[in-house]
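Worksheet: the structure to be examined is printed underneath.
Protein chains: 2
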Amino acid sequence: MTETRTSPDSGRRPTRQRAAVAAVLADVEEFRSAQELHALLREAGEKVGLATVYRTLQQMAADGSIDMLRTAEGEAVYRACSTGHHHHLVCRECGRTVEVEGPAVERWATKVSEEHGFSDVQHTLEIFGTCADCADGGGVTPQVSRP
Amino acid sequence: MTETRTSPDSGRRPTRQRAAVAAVLADVEEFRSAQELHALLREAGEKVGLATVYRTLQQMAADGSIDMLRTAEGEAVYRACSTGHHHHLVCRECGRTVEVEGPAVERWATKVSEEHGFSDVQHTLEIFGTCADCADGGGVTPQVSRP
DNA sequence: CTTGAACTGAGAACGATTGTCAAAACCCGT
DNA sequence: ACGGGTTTTGACAATCGTTCTCAGTTCAAG
Ligand SMILES: [Zn+2]
Ligand SMILES: [Zn+2]
Ligand SMILES: [Zn+2]
Ligand SMILES: [Zn+2]
């Protein structure tokens, strides 16, 4: 109860580690796991503990500043998306991700929830497929970027 | 290439264990984890190894004879649903599950995939919320069934 | 009955994630 | 700049769902 905070921030402190995680996320286009991001940080010369990466990603996801979803294998993967509610079209081969919006879907979800008396609802909706390049190239060398 | 099978089944053998797993699934309304189902089997007096439960559930899910989805925590949960493509409205409190269909959503997903040149697409769509009973009762005693 | 393939299960192994806790970094008032 | 209380960090252990191993069991065809 000794709250004497001058600036009403969220109680988070800006640290080198958090900046590093945010930076690597900004550089990556695809959804990546905590471990992959940790490896990328090491490659970039940034020394950040794995536990810190996990903690930071969770916080950012909770804040809504990044998106998190689960792969088919149940692994959590993260991505710095644009703001606002949206869903994803993800290539299984190369990981390329397209953000998509579907107002009709949002309405449908709301309607269905109401019809069944559910409140405080959330929904998860992701589409997985093979992108044109991967279907084309034959998936021999999964490429992550293209000019 | 020595295929001399008289009855063209899927190469699966009907065993006591598989019947037991199917039976417990038929008795349960909610999505349940492999471990929970294993516990239920033990309670019911059926002796089935945990590994077998995992294997059987995976096979049934692959066959499409049961549905599998992941909780927010990433745990796989299973349910014997009606046949046909559908999605779920799941209560976070009591686990009550309603199967829902959304033709418009299916069309939207297809359209979006095509627009971006994705092929061989799948989608996951689940709605989580609090059902009327749980919102009402105050969630003091999460109940799984009700007359 | 014989026999090879499918199946099972106890326990080890695995891998992602979380917990621990002392040390380090930080903020703020002095 | 200094000190003290709070937050954050990170090496490591621990947890926990899931998968692997492999010898023993069951099955069904012949
Ligand atoms: Zn996103
Ligand atoms: Zn949505
Ligand atoms: Zn279902
Ligand atoms: Zn669908």
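Protein sequence lines correspond, in order, to chains A and B.
If you want my numbering, it's the position in the first sequence, counting the first as 1, plus 18.
If you want my numbering, it's the position in the second sequence, counting the first as 1, plus 18.
Note that beta-carbon positions come from the ideal geometry of N, C-alpha and C, so glycine has one too.
Using DSSP with H/G/I as helix, E/B as strand and the rest coil, what is residue i?
| i | result |
| --- | --- |
| B:S51 | strand |
| B:S127 | According to the sequence as given, residue 127 of chain B is Ala; it is not Ser. Looking at B:A127 - three-state DSSP - the assignment turns out to be helix. |
| A:T89 | coil |
| B:C152 | helix |
| A:H104 | coil |
| B:T115 | strand |
| B:A62 | coil |
| B:H56 | helix |
| B:V42 | helix |
| A:T24 | The predicted model places A:T24 with a pLDDT of 32, which falls under 50 and marks its position as unreliable; any figure quoted below should be read in that light. A:T24 falls in the coil class under three-state DSSP. |
| B:P32 | coil |
| A:A79 | helix |
Smallest Cα separation from residue i: which of the options?
| i | options | result |
| --- | --- | --- |
| A:Y96 | A:Q35, A:T142, A:E54 | A:E54 |
| B:A52 | B:D45, B:R34, B:V71 | B:V71 |
| A:C112 | A:A90, A:D81, A:E47 | A:E47 |
| A:R125 | A:Q35, A:A98, A:H141 | A:H141 |
| A:A69 | A:A150, A:T89, A:R36, A:E133 | A:R36 |
| B:G102 | B:G82, B:A90, B:R110 | B:G82 |
| A:L43 | A:R60, A:V66, A:I84 | A:I84 |
| B:R110 | A:R110, A:S131, A:L58 | A:S131 |
Would you list the one or two residues that DSSP bridges to residue i?
| i | result |
| --- | --- |
| B:H141 | A:I145 |
| A:A94 | A:R88 |
| B:C109 | B:G147 |
Using only the alpha-carbon positions, how far apart do residue i and residue j sit?
| i | j | result |
| --- | --- | --- |
| A:A153 | B:S137 | 8 Å |
| B:R31 | B:T74 | 11 Å |
| B:A41 | A:L143 | 31 Å |
| A:K129 | A:E64 | 47 Å |
| A:A62 | A:D45 | 11 Å |
| B:P121 | B:T148 | 24 Å |
| B:V116 | B:V108 | 6 Å |
| B:H104 | B:V118 | 6 Å |
| B:G92 | A:R50 | 16 Å |
| B:Q76 | B:A38 | 15 Å |
| B:V123 | A:V123 | 6 Å |
| A:L87 | A:A94 | 6 Å |
| B:C99 | A:H56 | 40 Å |
| B:I227 | B:T33 | No information on residue 227 of chain B is available, as it lies outside the stretch 19 to 165 that chain B covers here. |
| A:A150 | B:G67 | 44 Å |
| B:E133 | A:M78 | 31 Å |
| B:T89 | A:R60 | 31 Å |
| B:A127 | A:H106 | 10 Å |
| A:G135 | A:A80 | 26 Å |
| B:R114 | B:L58 | 18 Å |
| A:V139 | B:V139 | 26 Å |
Item to check | Chain-ordered residues of the stretch 129-143 of chain A with a beta carbon less than 7 Å from chain B | outcome: V130, S131, H134, G135, F136, S137, D138, V139, Q140, H141, T142, L143
Next on the checklist: Beta carbons nearer than 9 Å to chain A: which residues of the stretch 29-46 of chain B have them?
Outcome noted: none
Checklist entry - the stretch 79-97 of chain A: which residues have C-beta closer than 8 Å to a C-beta of chain B, in chain order? => result Going along the stretch 79-97 of chain A in chain order, one finds R88, G92, E93, A94 with a Cβ nearer than 8 Å to chain B.
Item to check | Interfacial residues, the stretch 54-80 of chain A to chain B, with Cβ spacing under 7 Å | outcome: none
Next on the checklist: Beta carbons nearer than 7 Å to chain B: which residues of the stretch 110-122 of chain A have them?
Outcome noted: Answer in chain order: V116, V118, G120, A122.
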